[in-house]
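Each number in this note's numbering corresponds to the 1-based position in the sequence shown with 2 added.
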Amino acid sequence: MNHEVRKVLEAVKDGGMSVDEALLKIKTEPFADIGYAKVDLHRKVRQGAAEVIYGAGKTPEQISGIADTMKRNGQDVILITRLSPEKAEAVSREHEMTYYEQPGVGIMGVFPVPDGIGKIVVATGGTSDIPVAEEAALTARVLGNEVVRLYDVGVAGVHRLLAHKEEIMDASVIIAIAGMEGALASVIGGLADCPVIAVPTSVGYGASFHGLSALLSMLNSCASGVSVVNIDNGFGAGYLASMINHR
3 MNHEVRKVLE AVKDGGMSVD EALLKIKTEP FADIGYAKVD LHRKVRQGAA EVIYGAGKTP
63 EQISGIADTM KRNGQDVILI TRLSPEKAEA VSREHEMTYY EQPGVGIMGV FPVPDGIGKI
123 VVATGGTSDI PVAEEAALTA RVLGNEVVRL YDVGVAGVHR LLAHKEEIMD ASVIIAIAGM
183 EGALASVIGG LADCPVIAVP TSVGYGASFH GLSALLSMLN SCASGVSVVN IDNGFGAGYL
243 ASMINHR
């Protein structure tokens, strides 16, 4: 059953929410048409996670308007991805927001208390992969997960990764983020007993083809249990990891 609907029903069962309050929460309008956007108000009920604002290509005014609509309809935490510093500054004049410049992520509201079944480990091959990793880590935290960061543990010095075997074996899901040849995902996949989500990054020299080399390496991983998202898609990895961690 949908995670959000289950929480509503459990709240009714425990007496923390009335039947009328539960009905109101489930029967909200499916979307709000504000002209330039149709804000999906039912996504959290359908999928367990509310709509996220993709900042690239939107004006600050559009981002603020979408956020206004979300807030009016009860969304407590709003995640904005691919948000430039210039847009973040403009949006912050209209809304209280924490901006993380390195991954280009804005968050309105506070992180929820983690309610996943375990921990999500976010590991990177190098320091240059951290912007993508932080997008994944912040997404996972907004969606109610405990996150463990293991940064700069790539295969060029594999002893750095092996020093964290306890965290790897204790994870519910692992996100492996790497550019260059993307070997980190295969190495972690050979150590872990949980799902591994590989994220190729556009980090690397010419023949890495802006992440294509890492993408193909990860798709061809010989380690079982490794899946792959698109190049630099930290958000997609964090979202998928959260879904796995809430099953």
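Cβ atoms here follow ideal geometry from the backbone N, Cα and C, with glycine treated the same way.
Local conformation of residue i per DSSP, three classes
| i | result |
| --- | --- |
| N247 | helix |
| S226 | coil |
| Y101 | strand |
| R151 | strand |
| Y207 | coil |
| Y241 | helix |
| A173 | coil |
| I119 | coil |
| V41 | strand |
| A138 | helix |
| T126 | strand |
For residue i, the residue or residues it bridges with in DSSP
| i | result |
| --- | --- |
| D22 | Note: D22 sits in no beta bridge, so no partner. |
| M110 | I80 |
| A200 | A178, V230 |
Alpha-carbon to alpha-carbon, residue j and residue i
| i | j | result |
| --- | --- | --- |
| M3 | G208 | Summary for M3: the model assigns pLDDT 42, below 50, so the residue's position carries little reliability; its value from the coordinates is reported in the next sentence. Spanning the two alpha carbons is a distance of roughly 47 Å. |
| V134 | V107 | 10 Å |
| I65 | A51 | 19 Å |
| G17 | N247 | 27 Å |
| E169 | P105 | 24 Å |
| R249 | I179 | 23 Å |
| E88 | L81 | 17 Å |
| S210 | N232 | 15 Å |
| G67 | R162 | 45 Å |
| V144 | I55 | 13 Å |
| E53 | G192 | 34 Å |
| H212 | K9 | 42 Å |
| A13 | K121 | 25 Å |
| G159 | N235 | 25 Å |
Inter-residue CB distance, residue i and residue j (contact presumed, cutoff 8 Å)
| i | j | result |
| --- | --- | --- |
| P202 | L217 | 4 Å |
| I176 | V123 | 5 Å |
| E137 | T83 | 6 Å |
| G181 | G127 | 7 Å |
Local Cβ density within 10 Å of residue i, reported as buried at 16 or more and exposed below that
| i | result |
| --- | --- |
| V155 | buried |
| E91 | exposed |
| N222 | exposed |
| Y241 | buried |
| S219 | buried |
| D131 | buried |
| L152 | buried |
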